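Read the structure below first, then the notes.
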Amino acid sequence: MTLPTLTASQIELKDFRLTTRIGTYAPGDTVPDYHALDLTLWIHPELVLIAQDGMAHVFDYDPLVIEIERLAADGRYETQERLMTRIVQACAAYPAIEAIDIALRKFPVRAGSGSLGVRLAVDGAQLQRLRDDRS
């Protein structure tokens, strides 16, 4: 049996309920009860396979989570895509993040049922372009 030569590490945030206002709704439309974020960040394995315990040796995701909460509450959004874009831009500010998979879903879609969302995968090259645009 040959083992893969790739070592990859991820940080996963799942089913994170955001306090946000997204969309424009007419009378009688189903207004979502909430939006949930799934965010997977690929980071260098050296930030997970650590020789000693301590925050200095890992990726500190708490500031990013706080920024995501701030962005979600930062006024009304017409689209889920705009909030997702702003979250990806916030992630790009962290050089330790090598790639991103992000999904934002609203609950319910119709008659108290279902979820509907948007998913985006951002590779290292696209992240670098975002970083270069910020400078």
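The opening residue of the sequence shown carries number -13 in the numbering used here; numbering runs sequentially from there. Backbone N, C-alpha and C define an ideal beta-carbon position, used for all residues, glycine too. In this text the structure is predicted, and so the values were computed from the model without any measurement.
Can you tell me whether DSSP reads residue i as helix, strand or coil?
{"i": "residue -4", "result": "strand"}
{"i": "residue 36", "result": "coil"}
{"i": "residue 82", "result": "coil"}
{"i": "residue 118", "result": "helix"}
Where do the N-terminal and C-terminal ends of the alpha helix (DSSP H) with residue i fall, by residue?
{"i": "residue 25", "result": "Unbroken run through residue 25 is the beta strand (DSSP E), 20 to 29; no alpha helix (DSSP H)."}
{"i": "residue 49", "result": "48 to 58"}
Pull up the DSSP beta-bridge partners for residue i, would you.
{"i": "residue 99", "result": "96"}
{"i": "residue 104", "result": "90"}
Is residue j closer than 8 Å to residue i when the C-beta atoms are compared?
{"i": "residue 82", "j": "residue 33", "result": "yes"}
{"i": "residue 30", "j": "residue 64", "result": "no"}
{"i": "residue 58", "j": "residue 50", "result": "no"}
{"i": "residue 91", "j": "residue 7", "result": "no"}
{"i": "residue 86", "j": "residue 104", "result": "no"}
Sorted by chain position, which residues of the same chain lie with C-beta nearer than 8 Å to residue i's C-beta, five sequence neighbours on each side aside?
{"i": "residue 93", "result": "18, 19, 20, 21, 22, 100, 101"}
{"i": "residue 78", "result": "113, 116, 117, 120"}
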